[in-house]
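The structure appears right after this line, and notes come after that.
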Amino acid sequence: MMKVRIFILSLSIAALAMFGAATAQDDGDWATEWSDMVNVHLLADLDSSGPPAWDPEEHPDVFITTEGMGYSGLMGSPNSPGLAIIDANTYEPVASQSYELEGADEYFEPHGLGVSSDGRWIYLPTGTSPGFGAVGTGRLLIIDAYTLKIDKILSTPTNPHHAKSFTHADGRELVLAYTFREGGFYILDPNDDNRMVGSVPNRELQGNGYLAFTTPDGEYLLISTRPPSGVDAHGFVSVIDTETWELVRNIEVLDSDPIWIAITADGNEALVTGGHDSNLTRLSLEGDVSDWHVDGAANAAALGPYGVHYNWDEDRAFVVSKGEATHNRGITLGEVNPVIMQPPPLHSWAPGPVATHHTACIRGDHGTVHPDIDRDELWITCNGSFEIVVFDMFAKEVKERIPMPNGGSTHSGAFVHYEADPMASTEGTVLSDQNGMHGPALQTKREILGLE
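What follows is the structure, encoded as structure tokens:
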């Protein structure tokens, strides 16, 4: 059996300062017009250099995910935000680390870690208050993927939610992150000291923006948006042009609580989960953006759905039952045929649903498709049973259960491949994350779908 080295560290800002870290008092030359627009600031600029905390040569394929203390800090072992690295081939834990922020007594549960496209930086959302909408307490930790030390701390207006990588239409490899309510959606450039190169304030939307995803060509940002507070109406998908970062249009969906958006490899279709009525809305994204429209819907085959994920052939969509807007203790995975969904308004019955699979993944929310097509796996993060459930999308059964290294909760993450000599080259590649497939994995998917 392969020897596994597990490193469990807890670093405070004060401790980092002992090793030459400098705490920034203002944004300095890091700030841009885009960061000012969404009130995001550089709180600390630290020295993240040092010896490697794990061996990517021994573990070239890994899944990097959050490990936290559970909702409101009530569950899970770690009492501060952290991350865990799992070997994507053997399912064994490789490393884990938690972080303490100076002056913080409580923390916001990390809800969706991201990794830069080259595998160099990890983006861990958290905050110094456990509340989802707490104002003035948000923190985004930018972490060196090799040393697992904090490089920068950004302050955000409210607690940040998710982070993910994407390739812009102009070829730049960027990172998308966002905060709840008072904040907005912002774009970081890992190759320019993680400065902000784009942003969309939530106030510019015509509702409350929730999650965001980019089209495969990087030309548009799609945001699941709820109606303004107190308004009884369907939600919509806000379409943002990534050249100007301005709102182009809204597309109404068939639920007041739109959440996740999964986009096909050709960028011509998207599925949107509805947490209130447990449905899926299918969008046609073909042609000019002015022509995009709803062209199908179905029951999600999952109560309170959150994440939705296409299989490799894109003839099935798997929907994670979180129990959103209901009991918040979902334990199933819905299976839907996205090809034969019924045009609206007949959206609450078949065709569409195929089966509901019991996973015992308590309060699973996100899933990430393994980038090895031969494995055909969907990794579901379970923040109520503190594990990752590996679901075989071909056999339609649970293949493996991976307990979190420290018994903490987990939300989503990224599959990253590192080269044979990563310490010298710092070369890595994100192959799959919340934003779908990337790089060689996306190329493989496009080939099997006949798109190349």
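So the working numbering is basically just the index in the sequence shown, starting at one, shifted up by 5.
A virtual CB, placed ideally from N, CA and C, is assigned to each residue, including glycine.
- According to DSSP, residue pairing for residue 322 in a beta bridge involves 315, 341.
- Taking all protein chains shown into account, residue 95 has fewer than 16 neighbouring C-beta atoms within 10 Å of its C-beta and is therefore exposed.
- Its chain contains 37, 39, 40, 45, 191, 192, 193 as the residues whose beta carbon lies nearer than 7 angstroms to that of residue 201, once the 5 sequence neighbours on both sides are disregarded; these appear in chain order.
- Less than 8 angstroms divides the Cβ of residue 146 from the Cβ of residue 131.
- Scanning the segment 237–304 for uninterrupted beta strand (DSSP E) segments of 3 residues or longer gives 241–246, 251–257, 263–268, 274–279, 284–289, 298–304, listed from N- to C-terminal end.
- Listed in chain order, the non-local C-beta contacts of residue 414 below 6 angstroms within the same chain comprise 73, 75, 81, 388, 391, local neighbours out to five positions each way being set aside.
- In this structure, the beta-carbon distance from residue 69 to residue 421 falls below 8 angstroms.
- Taking a C-beta distance under 8 angstroms as the contact criterion, residue 277 and residue 229 qualify as a contact pair.
- Apart from the 5 residues on each side of it in sequence, residue 438 sits with its Cβ closer than 8 angstroms to the Cβ of 119, 120, 169, 170, 373, 417, 418, 419, 420 in its chain, given in chain order.
- Counting of Cβ neighbours within 10 angstroms places residue 368 among the buried residues, the total reaching 16 or more.
- One alpha carbon belongs to residue 329, the other to residue 311, and they sit about 7 angstroms apart.
- Annotation: residue 357 to residue 434 spans about 35 angstroms, alpha carbon to alpha carbon.
- Per DSSP, residue 157 is one residue of the beta strand (DSSP E) stretching across 155–163.
- Counting along the chain, no beta strand (DSSP E) covers residue 42; the unbroken alpha helix (DSSP H) around it starts and ends at 38–42.
- Shown here, residue 34 sits in a helix according to DSSP, grouped into three states.
- Residue pairing from DSSP leaves residue 364 without any beta-bridge partner.
- Under a 10 Å Cβ-count criterion, residue 365 is classified as exposed, with fewer than 16 other Cβ atoms of the shown protein chains found around its own Cβ.
- The criterion of a C-beta distance shorter than 8 angstroms is satisfied by residue 135 and residue 113.
- Residue 453: member of the alpha helix (DSSP H) spanning 444–453, first to last residue.
- For residue 279, the closest of 215, 223, 226 by C-alpha to C-alpha distance is 215.
- When the five nearest sequence neighbours on each side are left out, the beta carbons in the same chain lying within less than 7 angstroms of the beta carbon of residue 35 are those of 47, 198, 200, in order along the chain.
- If you compare the alpha carbons of 347, 397, 101 with that of residue 60, the shortest gap goes to 101.
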